[in-house]
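**Q** Structure provided below as C-alpha cells; questions to follow.
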Amino acid sequence: MRVALGSDHGGYELKKVILKHLEAQGLKVEDFGTYTSDSVDYPKYGFSVGNAIIKGEADLGIVICGTGQGMSMAANKIPGIRAAVCSETFSARMARAHNNANVLSLGARVIGAGLALDIVDIFLNTEFLGGRHAVRLNLISDIERGETV
Numbered sequence: 481m482r483v484a485l486g487s488d489h490g491g492y493e494l495k496k497v498i499l500k501h502l503e504a505q506g507l508k509v510e511d512f513g514t515y516t517s518d519s520v521d522y523p524k525y526g527f528s529v530g531n532a533i534i535k536g537e538a539d540l541g542i543v544i545c546g547t548g549q550g551m552s553m554a555a556n557k558i559p560g561i562r563a564a565v566c567s568e569t570f571s572a573r574m575a576r577a578h579n580n581a582n583v584l585s586l587g588a589r590v591i592g593a594g595l596a597l598d599i600v601d602i603f604l605n606t607e608f609l610g611g612r613h614a615v616r617l618n619l620i621s622d623i624e625r626g627e628t629v
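When the letters of the sequence shown are read in order and numbered with my numbering, they come out as residues 481 to 629.
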C-alpha cells in the first residue's frame with residue numbers, strides 16, 4: 481500500500497510519529513511536508529496529498545493539522561477525494577467501510593499519538609464494503625460532475 485502523508489505546522493510533530501509507524505510496517509510513504517514546525521498555509525498540503533491519490537501515486541492519504549478540520553476541507557475540494565476527520569476508531573472504521581474515505585484527517589491538538597496510531601491502523605486496514613454504500617457514493621460523484629441528484 482502507498483500512503484501520501486502531509487501536515488501543516490500544527491500537525492508536524494504527530495506526522496513524524498505516524499511516518500515512523502508506517503515505515504516500520506513496511507508501507508511506502510510519500511511525505512508531502514511540511515518539514516518543520518514553522519507556520520505554513522495548510523491548504524497546499526491537503527491539496528498535495530489529495531492530488532497524489534487522484535493521480536494514482538498513492539492509495540490512501542493522511543493529513544494532519546491542529547484540529548483536522550482545515551486539512552479535511554482543503555483535501556475535499558479535489559473531486560474524487562473523500563477526506564474524513566476522525567478522532568476515534570469507530571469513525572475511522574466506518575469512514576472506510578461505508579464511505580470509502582480515501583484520506584484520513586487527524587487533529588494533533590485533539591488526540592494523542594497513541595490514539596492517532598490506532599486510528600491510522602484501523603483506517604488503513606479496513607476495506608470498503610461496497611453494495612448499498614457504493615450507490616450512495618455514486619450520488620456524491622454525480623454532484624462532483626455537476627449532475628443533479
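All residues carry an ideal CB built from backbone N, CA and C; glycine is no exception.
CA-CA distance, D521 and A504?
**A** Near 29 Å, if we compare the C-alpha coordinates of A504 and D521.
**Q** Taking C-alpha atoms, which residue in T569, I591 and N580 lies nearest to G548?
**A** Checking every option, the nearest Cα to that of G548 belongs to I591.
**Q** Give the secondary structure of D511 by DSSP, where H, G and I count as helix, E and B as strand, and everything else as coil.
**A** Correct three-state label for D511: strand.
**Q** If you run the structure through DSSP and keep just helix, strand and coil, what is A564?
**A** Strand, per DSSP.
**Q** Beta-carbon separation of L494 and A593 under 8 Å?
**A** Result yes, Cβ atoms of L494 and A593 sit closer than 8 Å.
**Q** Contact criterion: CB-CB distance below 8 Å. Does T514 meet it with respect to chain D?
**A** Judged by its chain identifiers, the structure shown contains no chain D, having just a single protein chain.
**Q** Measuring alpha carbon to alpha carbon, tell me which residue in G490, H501, A596 and L499 is nearest T516.
**A** When each option's Cα is compared against that of T516, the closest is G490.
**Q** Is it true that the CB of A538 sits closer than 8 Å to the CB of R482?
**A** Contact flag set, yes.
**Q** Using DSSP with H/G/I as helix, E/B as strand and the rest coil, what is S519?
**A** Residue state, collapsed to three classes: coil.
**Q** Using DSSP bridges, identify the partner residues of V583.
**A** According to DSSP, which records beta bridges pairwise, V583 is partnered with G541 and A563.
**Q** Which residues bound the beta strand (DSSP E) around L609?
**A** Here L609 belongs to no beta strand (DSSP E), and DSSP marks it neither H nor E.
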